[in-house]
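A short write-up of the structure that comes next.
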Amino acid sequence: MGFSTLSNATRASIISVAIAAIGFVALSFIGNTIPAPIAFAIGAIITGITIKFTTPLSSNSEAVETTTLYVGNLPYRANETSVRTLFAEHGQVLSVRLMKDKHTGKRRGFGFVEMPEADAKEAIQSLNDAEYQQRTLKVREANERTVHSAE
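In this note's numbering, the protein residues as written are 4 to 154.
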């Protein structure tokens, strides 16, 4: 696993620890000849420069287009883990939400799965009308949520 495969937070932490270690060694050789406020200011400047160069300029390069899928006719005994496992066979699963009745807390037999766009298309092709725990699944892109106003 290379340095470039680590998350930004992990890289920043590693760099901060490395700079702190270098600073400790440097101050050990210099001794107490630098007043504390000046040493603190130098540390703050170096940390600021480090953060500036370790933070990505654009987070859009890591953004992935996602699609939310409607999954209908789910068995009532299916849970988030089993649905995640089923869809993970067809790509990366970002989230699973199974709908429950507000009053009873029982599952309603449908839910939503969020996946990267390409994986979602493959999941629709593979899982729509497929048998799952003795039920025929209905998988399609979810409709956009609409807000209904009371008039």
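For glycine and all other residues, C-beta sits at the position ideal for the given N, C-alpha and C.
{"Query": "In three-state DSSP terms, what is valine 74?", "Result": "strand"}
{"Query": "Identify every residue that forms a DSSP beta bridge with glycine 114.", "Result": "Val74 and Leu101"}
{"Query": "Can you have a look at alanine 123 and say buried or exposed, based on whether 16 or more other CB atoms are within 10 angstroms of its CB?", "Result": "buried"}
{"Query": "Closest to leucine 97 by CA distance: which of Arg87, His106 and Lys103 is it?", "Result": "Arg87"}
{"Query": "With a 10 Å radius around its C-beta and 16 neighbouring C-beta atoms as the bar for buried, classify histidine 93 as buried or exposed.", "Result": "buried"}
{"Query": "Compare the C-alpha of glutamate 120 against each of Val67, Phe113 and Arg143 and name the closest.", "Result": "Val67"}
{"Query": "Is it the case that the stretch 98 to 105 contacts the stretch 42 to 53, given that we only count it when at least three CB pairs across the two stretches are under 8 Å?", "Result": "no"}
{"Query": "Using the Cα positions of valine 142 and asparagine 131, report the straight-line distance between them to the nearest angstrom.", "Result": "5 Å"}
{"Query": "Roughly how many angstroms lie between the CA atoms of lysine 109 and arginine 80, to the nearest whole one?", "Result": "9 Å"}
{"Query": "On the premise that glutamate 125 lies in contact with valine 99, defined as a C-beta separation below 8 Å, what is that separation, rounded to the nearest angstrom?", "Result": "That pair is no contact at about 17 Å."}
{"Query": "Can you tell me whether threonine 84 is helix, strand or coil according to DSSP?", "Result": "helix"}
{"Query": "In three-state terms, what does DSSP make of proline 38?", "Result": "coil"}
{"Query": "Whose C-alpha, out of Thr69, Ser129, Thr107 and Gly112, is nearest the C-alpha of leucine 89?", "Result": "Ser129"}
{"Query": "Going by Cα to Cα distance, which pick from Ala91, Thr71 and Leu77 is closest to glycine 112?", "Result": "Leu77"}
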